[in-house]
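Chemist: Protein chains in written order, with the working numbering: chain A, 5 to 183; chain B, 257 to 391.
Following this message is one structure expressed as structure tokens.
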Amino acid sequence: QGKPPVAIAIHGGAGTILKSSMTPEKEADYKKVLTHAVKHGYTLLQKGEKGEVAVVETIKILESSPLFNAGIGAVYTFDGEHELDASIMHGGSKNAGAVAGVKTIRSPIEAALMVMNESPHVMLSGKGAEDYAKENGLEQVDNSVFDTEFRKQALDKAKARMQQVSNGYGSQQGNERFG
Amino acid sequence: TVGAVVLDSEGNIVAGTSTGGMTAKRYGRIGDSPVIGAGTYADNESCAVSATGHGEYFIRYNVAADICARMKYQGLSLSDAANTVVNDVLVKAGGDGGVIAIDAKGNVAMPFNSAGMYRASIDVNGNVKVAIYKD
């Protein structure tokens, strides 16, 4: 009898990814992290790890890479900070967990898993989610840990465009509208 | 936004999503990523989905759960359900982005209606795919 089938798919965001602005080196960097993450998750699944473990450990690799808009490399808010969101859902139990608008939790997907597995709730937000994560031993970091220069430049460009056109989100027609 | 969907050795499918949200967001804006049913959803009877894109549309069109519902109640394949929602429903609405999805048999779909989506998969036969653009 063969091993039960396992499979995995991952994404690192969608949007206006222009070939003209993508150097071969940059493209190789993206593919390297994606390959590492998907293979890591697949290996965990092959070893019999539960799906939620594979999902979290795979996403943690992407959260730790400055290339993607999550964790380190997250985009900036208007006020120059980072507010992170994450969620997870198990298709067998229909259990789910999520955190929204958190600033100091090192791995938001770990916090979402904790909400799913350890709390009676589905979504915790803001300061309350941070307090819950802290009380339950998740790693806390300064918000500046998520800083990257190219995201700061993206914020500056977006704010300049917003100022030119009008106030508010109606003017957010650039790539920044993508999550 | 980043995400992962898996089929594990116990036959369960799981979806997860993590994001920094939208550049220059204010007023505690939250997109679809932490919203169960919009950016993330999983049901062993249909599929597991993680989405990325213009979050307001994914919330309003309940994208992740809609893909699962089309499989469950209309009997569509994973590929057809995901493609319909991303390349028909969302496109008509003006919502840009894409999803990764997996079903209980390990079938994978990764449709998107934007210029590109960073994505990778390993199927039940161990075939590895890594891609960015449509081609």
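Beta carbons: idealized from backbone N, C-alpha and C, even for Gly.
Tell me the DSSP bridge mates of residue 368/B?
Modeler: Answer is 354/B, bridged to residue 368/B.
Chemist: Rounding to the nearest angstrom, what Cα-Cα distance links residue 349/B and residue 370/B in this structure?
Modeler: Near 14 Å, if we compare the C-alpha coordinates of residue 370/B and residue 349/B.
Chemist: Expressed to the nearest angstrom, what Euclidean distance is found between the alpha-carbon atoms of residue 298/B and residue 159/A?
Modeler: Each residue's alpha carbon lies about 33 Å from the other.
Chemist: Would a C-beta distance cut-off of 8 Å place residue 327/B and residue 302/B closer than the cut-off?
Modeler: It is a contact, given that the beta carbons lie within the stated cut-off.
Chemist: Quick check: the stretch 72 to 81 of chain A against the stretch 275 to 291 of chain B, are there 3 or more CB pairs under 8 Å?
Modeler: Verdict: yes, contact present.
Chemist: My assumption, with CB atoms under 8 Å, is that residue 35/A sits in contact with residue 386/B. Please give the rounded CB distance.
Modeler: Right, the Cβ-Cβ distance comes to about 5 Å (below 8 Å), so this counts as a contact.
Chemist: Taking DSSP as the reference, what is the three-state secondary structure of residue 74/A?
Modeler: Note: residue 74/A maps to coil in three-state DSSP.
Chemist: Counting Cβ pairs closer than 8 Å, one from the stretch 10 to 29 of chain A and one from the stretch 373 to 386 of chain B, do we hit at least three?
Modeler: Verdict: yes, contact present.
Chemist: Against residue 263/B, what residues of chain A qualify as contacts under a CB-to-CB distance less than 8 Å, listed in chain order?
Modeler: Simply 9, 10, 11, 12, 49 and 55.
Chemist: DSSP has residue 375/B in a bridge; who is on the other side?
Modeler: Partner(s): 15/A and 387/B.
Chemist: In chain D, which residues lie with their C-beta within 9 Å of the C-beta of residue 373/B?
Modeler: Any reference to chain D falls outside this structure, whose protein chains are A and B.
Chemist: Take every Cβ of the stretch 128 to 147 of chain A, pair it with every Cβ of the stretch 100 to 116 of chain A, and state whether three or more of those distances are shorter than 8 Å.
Modeler: At 8 Å Cβ cutoff, the stretches touch.
Chemist: Mind listing the chain B neighbours of residue 31/A? Cutoff is C-beta to C-beta under 7 Å, in chain order.
Modeler: Within 7 Å Cβ-Cβ: 388.
Chemist: When DSSP labels each residue in this structure, what does residue 297/B get in the three-state scheme?
Modeler: Note: residue 297/B maps to strand in three-state DSSP.
Chemist: What is the residue span of the beta strand (DSSP E) that residue 102/A lies within?
Modeler: First-last of the beta strand (DSSP E) with residue 102/A: 100 to 106.
Chemist: Would you call the stretch 289 to 296 of chain B and the stretch 89 to 108 of chain A in contact, with 3 or more CB pairs under 8 Å?
Modeler: Contact holds: three or more Cβ-Cβ distances are below 8 Å.
Chemist: At a cut of 8 Å, does the stretch 23 to 30 of chain A reach the stretch 262 to 272 of chain B through at least three beta carbon pairs?
Modeler: At 8 Å Cβ cutoff, the stretches do not touch.
Chemist: Taking the beta carbon of residue 154/A as the centre, do at least 16 other beta carbons fall within 10 Å, making it buried, or is it exposed?
Modeler: Exposed, by the Cβ-count rule.
Chemist: Can you tell me which residues form a DSSP beta bridge with residue 88/A?
Modeler: Beta-bridge pairing links residue 88/A to 106/A.
Chemist: How close, in whole Å, do the beta carbons of residue 360/B and residue 267/B come, if the pair is a contact with beta carbons under 8 Å?
Modeler: Yes, they are in contact, since the Cβ atoms of residue 360/B and residue 267/B sit about 6 Å apart, within 8 Å.
Chemist: Might you give, ordered along the chain, the residues of its own chain that have their beta carbon closer than 7 Å to the beta carbon of residue 70/A, omitting 5 neighbours on each side?
Modeler: 76, 77 and 152, listed in sequence order.
Chemist: Can you round the beta-carbon distance between residue 126/A and residue 100/A to whole angstroms, since I take them to be within the 8 Å contact cut?
Modeler: Right, the Cβ-Cβ distance comes to about 5 Å (below 8 Å), so this counts as a contact.
Chemist: Check whether the Cβ atoms of residue 355/B and residue 320/B sit closer than 8 Å, and answer yes or no.
Modeler: Cβ distance < 8 Å, so residue 355/B and residue 320/B count as in contact.
Chemist: Taking DSSP as the reference, what is the three-state secondary structure of residue 128/A?
Modeler: Three-state result, residue 128/A: strand.
Chemist: Determine the contact status of residue 132/A and residue 262/B, defining contact as a CB-CB distance below 8 Å.
Modeler: No, Cβ-Cβ distance for residue 132/A and residue 262/B is not below 8 Å.
Chemist: Does the beta-carbon distance from residue 63/A to residue 259/B come in below 8 Å?
Modeler: Result yes, Cβ atoms of residue 63/A and residue 259/B sit closer than 8 Å.
Chemist: Per DSSP, residue 144/A forms a beta bridge with which residues?
Modeler: DSSP lists 109/A as partners of residue 144/A.
Chemist: Determine the burial state of residue 329/B: buried for a count of at least 16 other Cβ atoms within 10 Å of its Cβ, exposed for fewer.
Modeler: Classification of residue 329/B: exposed, given that the 10 Å Cβ count is below 16.
Chemist: Start and end of the alpha helix (DSSP H) containing residue 68/A?
Modeler: Per DSSP, residue 68/A belongs to the alpha helix (DSSP H) from 55 to 68.
Chemist: Taking the alpha-carbon positions, what's the residue 286/B to residue 8/A distance?
Modeler: So the alpha carbons of these two residues sit roughly 38 Å apart.
Chemist: Since residue 308/B and residue 18/A should fall inside the 8 Å C-beta cutoff, what is the C-beta to C-beta distance between them, to a whole number of angstroms?
Modeler: Yes, residue 308/B and residue 18/A are in contact; Cβ-Cβ is about 5 Å, under 8 Å.
Chemist: Apply the 10 Å Cβ neighbour rule to residue 316/B and answer buried if 16 or more other Cβ atoms are within range, or exposed otherwise.
Modeler: With fewer than 16 other Cβ atoms within 10 Å, it is exposed.
Chemist: Can you check whether the CB of residue 276/B is closer than 8 Å to the CB of residue 88/A?
Modeler: Going by C-beta atoms, residue 88/A is nearer than 8 Å to residue 276/B.
Chemist: Tell me the rounded alpha-carbon separation between residue 47/A and residue 363/B.
Modeler: Residue 47/A and residue 363/B: Cα-Cα distance of roughly 18 Å.
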